[in-house]
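Asks: My questions will all concern the structure given below.
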Amino acid sequence: GKGAEYNQRMAISLAKHGIAAMCYDPIGQGERSQILTEDGSAKYSASTTEHFLVGVGSILVGRGTATYRIVDGLRGIDYLCGREDIDAARIGCTGCSGGGTLTSYLMALDERVACAAPSCYLTTFEQLLTQLGPQDSEQNIFGQVAFGMDHADYVLMRAPRPTLICSTTRDFFPIAGTWDAFRQAKRFYGRLGFPERVDLVEIDSTHGVPQPSREAMVRWMRRWLLNRDEAVTEPDFDVFRPEQLWCTPDGEVLRLEGERSVFDLNLAEAERLSEARQSKWNAATDTQRREAVRQVTGIRPLDELPAATIEELGSIERDGVRIDKLLLTTDDGMILPTLRFVPKQPQGESSVLYLHGDGKAADAGRNGPIARLVQAGQTVWAVDLRGFGETAVDGKNDLLGSDWKEFYTAYLLGKSFVRMRAEDALAAQRAIVGKASSTQTVALVAKGDAVIPALHAAALEPQCFASVEFDREPLSWMEILRTNEPRNEFQNVVHNSLAVYDLPDLMPLTKAAKQD
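Converting from the sequence shown to my numbering requires adding 209 to each position, the first position being numbered 1.
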C-alpha cells in the first residue's frame, strides 16, 4: 500500500525532483482491507490472499480482480486530470510488482498516460508459465494466452509513448522473459521511428524497486514529462510510519459507515445478472439452454469429443470380484487412472461411472458403496478425473485449493476445471460404451467435488446416462458470492456463468438426477 517504504521513497523522490506524485491504497492493501476480523483489523497480512478470494466471485460475474484494480487506476487519473495544479497532458504512471501490473494495464488502456515505468512484472508468458506458473489473481485475464496477448503487448499497445521497463536480475518474474519482451518492444518502436522511447533497466537485486531503479525511474519521468534529461540521485530522507499516513480515522476504509467491499459489489452484480437472465432462461427450450451453457463453458458436443483410449495394466481379485487397473487417456493427453470392478455374474449390459472428488479409491473399500453396487451385479468404473486421486496436487485443504496455479493456467487458456472435468466424464462414458455392445447403458454416480462437473456432463448430454445420482445437491453459485472466504472454489467456477445460468438450472436438464 501507500505506506510501504518503497512506495513512499518513489513518491517523495519524484516530488523532490519536481513531479507531483499520488499514491493510493489498492484493494487488499493499506487501509483497504476487504476482510476484517471482529475487532475491525485486517484478517490477512498478505494482500495477495484477498486478491485471490476476490477473484473467485469476480470470475462468476464475468469480472476479475484486475477489473477493480484497473477501474481504481482510471479514476485516479481522472482525479489528477481534474486538479488545477496538474498538467493533464503530462501524466506518468509507475509501480512495482502489483503496481507494475497495474501500470502495465493503465499504460496500455489509457492514452492519458504519457510516460510509464512498470517495475518487476513484465516478462513473457512462456517464461512465466514454464518456470513459475501464474501468479496473483489480478494478473490473470480470462483467455489472454488463448487470444494471443503477451506481456510485450502492453508496451506495443501504447507505442510510441515513452516506456521504461524496470527489472531486477533475481526477480521471480523471469528476467530472460523481460529481455525478450523488451526486444519485441524495441524492435517495434524502432520501426515507428522512436527507438529511444523504450528502454530497460536491470538491477542486480531481488523482487522490488531498489534505489538505482527508483533513480532511473525518476530520471525517465523527468526526461519525458519535464524535458530535462540529467542524472538523478535520490537524497536521504526519513519515511513515515504507515499509521501516520492514514486517511481514515481507524486505518480501515471498511469501518466507515456505508462502505461496501468488493465482495459486496460482486454479489450485487450477481443479483442483477440473476434478474436479467431469468426471463430469457425460462423462455428458452432445453436445446437452447444447453447451447447457451455450452457457449459460456466451452464444453464440446459429444460428436466432437473422442472416447478416451484404454490401457489395461492388470487385475487383482478381492472377495470374488475382479478389479482391473486401467489408464484412460483423453484426446488432450490427460491420463485418468481407473479401477474397473467386475462382478462374478454381471446383471445385464450396464455399468456405473463412479466419480469421487477424493479419488477412485475413496469408496472402494470392502463393504463400501462401490462394493454394494458390484454385489448387485453392476460393473463399476471408478475414474480419477483430472486433479483428483492419483492426479491430485498435494495440500487440497488450502484456502485457495492446492491446484490454483493449474486453474489459472487453464483460465488464461480460456478454460475451466469444470469444463475439462466434464469432458473427462463424457470421454470416460464413451470409452465404457465402446468396450461393450450397442445396448450398453451407463449410470452416473458423483460425489464431493466431482458433482459440479458431473452435473454439467449429465445436463448437456442426458442421453449418455441411464440414471444420475449425486451425494449432495449442487449449491447455487450465489452461495460462493455470499461469503468473503470461499474455500477451494476455483475448481468450481466458470467465467461469466451467472450471466447465463446457475447450478440449480442444470438439474432439470439431466432428466434423471436424484440426490441422496
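Backbone N, C-alpha and C define an ideal beta-carbon position, used for all residues, glycine too. Model, not experiment: these values are computed from the prediction.
(1) Under three-state DSSP, which class holds residue 619?
(2) At what residues does the beta strand (DSSP E) containing residue 559 begin and finish?
(3) How would you label residue 296, buried or exposed, when you count the other beta carbons within 10 angstroms and need 16 or more for buried?
(4) Is the separation between the beta-carbon of residue 310 and that of residue 326 shorter than 8 Å?
(5) Leaving aside the five residues before and after residue 703 along the sequence, list all residues of the same chain whose C-beta is less than 6 Å from its C-beta, in chain order.
(6) Check whether the Cβ atoms of residue 580 and residue 591 lie closer than 8 Å to each other.
(7) Would you mind listing the alpha helix (DSSP H) stretches within the region 214-273 that are 4+ residues and don't spill past its ends, in chain order?
(8) May I ask you to report which of helix, strand or coil DSSP gives residue 706?
(9) At what residues does the beta strand (DSSP E) containing residue 677 begin and finish?
(10) Considering only the beta carbon of each residue, do residue 299 and residue 434 sit closer than 8 Å?
(11) Distance, Cα to Cα, residue 285 vs residue 493?
(12) With distance defined between alpha-carbon atoms, name the residue in 393, 329, 365 nearest to residue 377.
(13) Report buried or exposed for residue 427, applying the criterion of at least 16 other Cβ atoms within 10 angstroms of its Cβ.
(14) Quick one: Cα of residue 586 to Cα of residue 513, how far?
(15) Between the region 332-349 and the region 405-417, are three or more C-beta pairs nearer than 8 Å?
(16) At which residues does the beta strand (DSSP E) containing residue 628 begin and terminate?
(17) Less than 6 Å between C-beta atoms, sequence neighbours within five positions excluded: which residues of the same chain meet that for residue 540?
(18) Name the residue from 441, 553, 701, 719 whose alpha carbon lies nearest to the alpha carbon of residue 498.
(19) Using the rule of at least 16 other Cβ atoms within 10 Å of the residue's Cβ for burial, across every protein chain shown, is residue 294 buried or exposed?
(20) For residue 424, which residues from the same chain have a beta carbon less than 7 Å from its beta carbon, with the 5 sequence-adjacent residues on both sides left out?
(21) Alpha carbon to alpha carbon, how far is residue 482 from residue 568? Give it in angstroms, no decimals.
(22) Quick check on residue 658: buried or exposed, where buried means 16 or more other Cβ atoms within 10 Å of its Cβ?
(23) Would you tell me roughly how many angstroms separate the C-alpha atoms of residue 277 and residue 471, rounded to the nearest one?
(24) Using only the alpha-carbon positions, how far apart do residue 522 and residue 712 sit?
(25) Entirely within the region 413-485 and at least 4 residues each: give me those alpha helix (DSSP H) ranges in chain order.
(26) Considering Cα atoms alone, identify which of 687, 623, 692 is closest to residue 504.
Replies: Inspection of the coordinates gives the following:
(1) DSSP places residue 619 within a helical segment (H, G or I) once states are collapsed to three.
(2) Boundaries of the beta strand (DSSP E) harbouring residue 559: 559-565, taken from the DSSP string.
(3) Exposed.
(4) No. Outside cutoff.
(5) Around residue 703: 506, 625, 627.
(6) No. Outside cutoff.
(7) Whole alpha helix (DSSP H) segments, 4+ residues: 214-225, 256-269.
(8) Residue 706 carries a helical assignment under DSSP once its states are collapsed to helix, strand and coil.
(9) Taken as a continuous stretch (DSSP letters only), the beta strand (DSSP E) holding residue 677 covers 676-679.
(10) Result yes, Cβ atoms of residue 299 and residue 434 sit closer than 8 Å.
(11) Whole-angstrom Cα-Cα distance: 43 Å.
(12) Among 393, 329, 365, the Cα nearest to that of residue 377 is on 329.
(13) Residue 427 is classed as buried because its beta carbon has at least 16 other beta carbons within 10 Å across all chains shown.
(14) Residue 513 has its alpha-carbon roughly 32 Å from the corresponding atom of residue 586.
(15) Touching, no.
(16) Annotation: residue 628 is outside any beta strand (DSSP E); the continuous alpha helix (DSSP H) that includes it extends over 626-643.
(17) So the qualifying residues of the chain are 515.
(18) Comparing alpha-carbon positions, the option among 441, 553, 701, 719 lying closest to residue 498 turns out to be 719.
(19) Classified as exposed, residue 294 has fewer than 16 neighbouring CB atoms from the shown chains inside 10 Å of its CB.
(20) Hits under 7 Å: 441, 442, 443.
(21) Cα-Cα distance, rounded: 35 Å.
(22) Buried, since its Cβ has 16 or more Cβ neighbours within 10 Å.
(23) Roughly 8 Å separates the two Cα atoms.
(24) The straight-line gap separating the alpha-carbon atoms of residue 522 and residue 712 is approximately 37 Å.
(25) The region 413-485 contains these whole alpha helix (DSSP H) runs: 420-434.
(26) 623 is the residue among 687, 623, 692 whose C-alpha sits nearest the C-alpha of residue 504.
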